[in-house]
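Just below is one structure, and these are the notes that go with it.
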Amino acid sequence: APVKVTFSADSLFDFDNASVKPAGRQELDKLAADLQGVDFDVINVTGHTDRIGTHAYNQKLSTRRAEAVSGYLVQSGGVPSHKISAKGVNGSDPVTKPGDCVGTKATKSLIACLQPDRRVDIEVTGKR
Numbered sequence: 002a003p004v005k006v007t008f009s010a011d012s013l014f015d016f017d018n019a020s021v022k023p024a025g026r027q028e029l030d031k032l033a034a035d036l037q038g039v040d041f042d043v044i045n046v047t048g049h050t051d052r053i054g055t056h057a058y059n060q061k062l063s064t065r066r067a068e069a070v071s072g073y074l075v076q077s078g079g080v081p082s083h084k085i086s087a088k089g090v091n092g093s094d095p096v097t098k099p100g101d102c103v104g105t106k107a108t109k110s111l112i113a114c115l116q117p118d119r120r121v122d123i124e125v126t127g128k129r
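Numbering of the sequence shown is given in our numbering, commencing with residue 2 and proceeding in unit increments.
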């Protein structure tokens, strides 16, 4: 059965950014170490954003984040590039429920409330 691991985007990236932070690299290094010895068929990396910003902007940001994570796993984690895919889905699959986070302006409180929506999901299909 596929195993899904979710990383908070805030642990991997600064807000509104797609460069993997040092702490994020450490988390991805742990994942890559866990993948050693796994005969995996495919790894799907999906980037998510919150709803702040335009759909087009968030689509690009979520894609850049997914590509940054998959690129790091290929470069530093030894994952074969033909076994990993990356896609962004912007804010179309939020963790927060409608009404949880009120407002449309990027205030500190709204950014904090929407934090769970900013994430990267990594799904691994294979066998040990």
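Each residue gets a CB set at the ideal place from its N, CA and C atoms; glycine is no exception.
Contact check, residue i vs residue j, beta carbons under 8 Å
i	j	result
LEU32	VAL121	no
VAL46	SER86	yes
ILE53	ALA19	no
GLY127	ASP11	no
THR55	GLY89	no
GLY78	LEU29	yes
Buried or exposed by the 16-neighbour rule on C-beta atoms within 10 Å, applied to residue i
i	result
TYR73	buried
GLN27	exposed
VAL103	exposed
Backbone CA spacing between residue i and residue j [nearest angstrom]
i	j	result
ASN91	VAL80	25 Å
THR97	ALA113	11 Å
LEU111	ASP15	16 Å
ARG119	ASP35	24 Å
SER71	GLN37	16 Å
ASP17	HIS83	28 Å
ARG66	LYS109	22 Å
ASP51	PRO95	7 Å
As assigned by DSSP and simplified to three states, the class of residue i
i	result
ALA113	helix
ARG52	coil
SER93	coil
SER120	The sequence shown places Arg at residue 120, rather than the Ser named in the question. In this structure, ARG120 counts as strand in the three-state DSSP scheme.
Residues near residue i by beta carbon distance below 6 Å, same chain, minus five either side
i	result
VAL125	VAL4, PHE41 and ILE44
ALA69	ALA19 and VAL21
Sequence-distant residues of its chain with Cβ nearer than 7 Å to residue i (five each side left out)
i	result
GLN60	GLY89 and ASN91
GLY25	SER12, LEU13 and PHE14
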